[in-house]
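Written out as structure tokens, the structure is:
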């Protein structure tokens, strides 16, 4: 949330005030001697008897010096020294293969996951999303880990950014007995510290030799000689008893190991996750858990998700011995040696391969922790932050007590059977001499079923290109005859009504208005695809979604120049008609704020806040540099070829109240646009959705885990998020129970392919329906599944011009598809005896379980899906047609009602006005900016509004300013000052007669200038955290900032005339920053991953810096700024210039710019 402000008064009485927002209590500023802010992790104390006030550092020093903590740690804590990796394989190739088969590895696991991690040191990336059946529905055997989905934070407790803010994260873990933290003493420090939970064989050996830990190794196998039934349960019980006895005998370390000299056909390994979870739960229930740590020594762990599961259910560390052995085998294989010799793969040693694998696991673990907003692995250990899909209650109660498992599933015996199906492969006579490819990641003949398969796309292309009812019927039959793939395949519609003639059912034209397409960014997909989808949706009255990255204004006007299907306005498209518009009705605001300008927002019919994405919830977007063409860079206000990364969290949403503020901001700039919030299905989404509804959203979108993506880590695609069927059901029913359902339209998306999907979603409560991947397929996608490479063979997901020229799609194809889907809906409604979709929305009583025999279990429980909490008071159509939610009376309306102001806007005149402002006045100037942007665009206004405010401004002061708006605040402001501003000038100064020194006081809050695309900000005083985050083109001068200043900046210029916090310029890929460093403390605070630090040597840079300070002093009267200018020669050498690579050759950063330019000219002339 916002930074907590404090102020201290003077004279005999110390008046101390602490408040979350400035302006809560009226104060005489002349009597305030100190103003400050409490940032993250900071504290302040007041002694009520003496009146003494201690600030952060003093408080912590007092606590830290109370006991000899440092001595205790030094004397009692041990750490394991890093042990070198093994330099040769331990097993021969045949033994490795047998182990891999027995423990459930597939060739995809080895080649796409382990080998990628070993060669590149990072997780593999893939695309298109997860379109295979849930593990419990699959006919193929799955490892136990695949029944678990990682949970993630959305809205409340938001994701952390592990890429740019890793300094707040740690994978350190302690092994050994944990004492009572309320009883302070040296014995609490008597533990072994590991820098990470991933151990190699040598490090595990070191742990086993620690005498104080008294380690006990427990072998995790179960015996099936007397039959399979009951054998797994008996083995788990025996393990728990053995663990119990060991801990009572003083063991502080339990090592669960499936390592053995030789594998036996009748002694399969217990799934290691089941063993860890069961012992963890058993020790908790018997009051022994704090006395010992659990370590897994296992062959069954090779992907980041698997490590996360083991840690989440109680393991403190893991030695993945078979994965490391697989890395060694891969490095020594002839294929790898040849690839490295020929330069087709970077050369790594056998030790480096293992180090790379562990590095990839560690960065993957940080990412999984960060999704939940957790910074320390020690907080994640045993926290069980997973949902279970497909395990029965007896399994959950035994090993995963407290985890959500809504649909039931496998019993222990069924789980034993699945484990055995892997195990027997290692002993079968006809086992192939290589690993089986189950086809879980890539579609292949004989492999796992993929819903988006080549046959499906061929049938769909035939139906829509030929506009053939018969061909669409064949497509429907293909979908109907597919294997059980998703939860909705287990239910069907029923009705006790008599069928009615189809002529009585509402027309297709009204049904298609409920259809939307997914938020696919222009950048991830090509301009041709993006515009063809938008035109098709506008033709049918549905809504397309801009995705992240802004939109070209040329698309906002209807075409009038179409001849024979071609238009000179959009010459790259075919099949056009006069009157077509390529605008996206839904404009997306994502965490990177790329392309979000005032004009973009005022031209939206709806504005979507993307909190999460189904294919990778809790993570930001990434557009590789090779996809950032000059056109994409122009729309995103960035530079061509520079990768664009969106942070995992919105930096202005750290609570539900912050989300309410962003919704308020968007309603402020465009009061005619509905605001939608996109969430991803997971347990607890109903509570989040209730908050979102109360936060004044108009639409809530629920995305399923099976949505598409242009590029995401495989572990995210496969193992995060839940099915939309459960997310929608929980949201719809929770909203009804809380009397909120009428306030919001519910939209759902994720793997929609047919009219039947629409009807089932309607019965579960959805008003509108989103189509993503299938819309791309309809425009020509052939499911090559190489979107992340920029090499799409049909130009759907590529920015390469020669590939885009192959784009086969026309808007009419997509129109045909949606009309087919609508007609399928109509035919089924007629069959059921209902006249309109309104009649079945929320009617779960029309659903019944299908009689289907699943391969793995008959214990799936659909009661949650079929539950009915009642119906809303309004019909779906009434909910959809209600007015946009209002912000209520706002100060901007008073300003716009002033005849002089409205005349100045209408006739581009100059006007000056002064208004009092209070902290309840939020997003002030946003509405005024919206009116100007709607009429003149982002740069066309030639008038001038000079508006002065006096007092304490509420959140988002001066948001979305446009050129021609000069706003001055005399007083102080809260968070998000200048958010999204595109021009104009914003000046914040304290009142004249203050008792405090302005340059030492915080007078604006956090996250100011977020996503700015222009304008200037001058603040006489300090700002909070994340100043100028994702600034594109704004310029600013301030007198100090909190942590993370200039984070993710891609352009513009920031000058800081005082102290800054940590992690300056993290992720900064464009723009320049000038920092005054009077006491030599800046260097360690700068994140040097991208930027370099240099003194201001270039004449153009010196001019830029001096010019900004001169303008600043003129506007604010800053004494600090005036002193710098008067002693310029002395102060200039104290400034650092922070320069990202894209700015190195700019005149402001390059001292020899003229010489470089001359050299380039000479080179060009000689080339001619």
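In the UniProt record's numbering, the protein residues as written are 1 to 1168. For every residue, glycine included, the Cβ atom is placed at its ideal position computed from N, Cα and C.
Going along the chain, which unbroken runs of the beta strand (DSSP E) with 3 or more residues stay wholly within the stretch 607 to 678? At a cut-off of 3 residues, not a single continuous stretch assigned as beta strand (DSSP E) sits fully inside the stretch 607 to 678.
Give the straight-line distance between the Cα atoms of residue 47 and residue 1025, rounded to the nearest whole angstrom. 28 Å
Less than 7 Å between C-beta atoms, sequence neighbours within five positions excluded: which residues of the same chain meet that for residue 373? In the same chain as residue 373, and ignoring 5 residues on each side of it, the C-beta atoms closer than 7 Å to its own belong to 153, 157, 158, 159 and 160, in chain order.
Counting only beta-carbon separations shorter than 7 Å, does residue 464 have a partner in chain C? Looking for chain C here will not work: only one protein chain is present.
Any chance the stretch 628 to 635 sits against the stretch 648 to 660, with 3 or more Cβ pairs inside 8 Å? Touching, no, given that fewer than three Cβ pairs across the two stretches are closer than 8 Å.
Is the Cβ-Cβ distance between residue 198 and residue 375 less than 7 Å? no
Classify residue 1136 as helix, strand or coil using the three-state DSSP reduction. strand
Cα-Cα, which of 457, 830 and 230 is closest to residue 500? 830
Is the CB-CB distance between residue 956 and residue 933 below 7 Å? 7 Å or more divides the Cβ of residue 956 from the Cβ of residue 933.
Is the distance from the Cβ of residue 937 to the Cβ of residue 959 below 7 Å? no
Counting only runs that start and end within the stretch 135 to 219, where is the beta strand (DSSP E) found for 3 or more residues in a row? Correct list: 148 to 150, 173 to 175, 192 to 194 and 216 to 219.
With distances taken between CB atoms, is the gap from residue 588 to residue 605 smaller than 7 Å? no
Over the uninterrupted beta strand (DSSP E) stretch that includes residue 404, give me the two end residues. For residue 404, no beta strand (DSSP E) run applies, since DSSP gives it neither H nor E.
Alpha helix (DSSP H) containing residue 240: first to last residue? 231 to 248
Environment of residue 1128 [buried if 16+ CB atoms lie within 10 Å]: exposed
Where are the alpha helix (DSSP H) runs, 4 residues long or more, that stay fully inside the stretch 316 to 397, in chain order? Unbroken alpha helix (DSSP H) runs of no fewer than 4 residues, entirely contained in the stretch 316 to 397, are found at 321 to 332, 334 to 341, 350 to 371 and 377 to 380, following chain order.
Taking the CB atoms as reference points, tell me whether residue 798 and residue 584 lie closer together than 7 Å. no
Residue 257 and residue 192 closer than 7 Å at C-beta: no
Any idea if residue 1097 is buried or exposed, counting beta-carbon neighbours within 10 angstroms, 16 or more meaning buried? By the 16-neighbour rule on beta-carbons within 10 angstroms, residue 1097 is exposed.
Taking just the CA atoms, how far does residue 800 sit from residue 792? 9 Å
Spatial neighbours of residue 1206 in its chain, beta-carbon cut-off 6 Å, leaving aside the 5 residues before and after: Coverage of the chain is limited to positions 1 through 1168, which leaves residue 1206 absent and any answer about it impossible.
At what residues does the alpha helix (DSSP H) containing residue 818 begin and finish? 811 to 832
Go ahead and label residue 1051 buried or exposed: buried means 16 or more other beta carbons lie within 10 angstroms of its beta carbon, across all protein chains shown. buried
Distance CB(residue 776)-CB(residue 796) smaller than 7 Å: yes
Using the C-alpha atoms, what's the distance from residue 473 back to residue 729? Computed Cα separation, rounded: 29 Å.
Roughly how many angstroms separate the alpha carbons of residue 237 and residue 406, rounded to a whole number? 25 Å
With 16 other CB atoms within 10 Å as the buried threshold, where does residue 725 fall? When all chains shown are included, residue 725 counts as buried.
Helix, strand or coil for residue 792, going by three-state DSSP, please let me know. coil
Quick one: complete beta strand (DSSP E) runs, 3+ long, within the stretch 967 to 1033? 982 to 989 and 1014 to 1019
Residue 60 in three-state terms, based on DSSP: helix
Residues in its own chain within less than 7 Å of residue 575 by CB, not counting five upstream and five downstream? 565, 810, 811 and 812
Expected contact under 8 Å - CB spacing of residue 756 and residue 491 to nearest Å: Actually they are not in contact, since the Cβ atoms of residue 756 and residue 491 sit about 11 Å apart, beyond 8 Å.
Span separating the alpha-carbon of residue 12 from that of residue 53: Note on residue 12: pLDDT 43, under 50, position unreliable in the model; no value is reported.
Short of 7 Å in beta carbon distance, which residues of its chain neighbour residue 745, apart from the five on each side in sequence? Order them along the chain. 698, 699, 767, 768, 879 and 880
Can you tell me which of the three DSSP states residue 952 falls into? strand
What does a CB cutoff of less than 6 Å around residue 443 pick up in its chain, not counting 5 residues either side in sequence? 450 and 453
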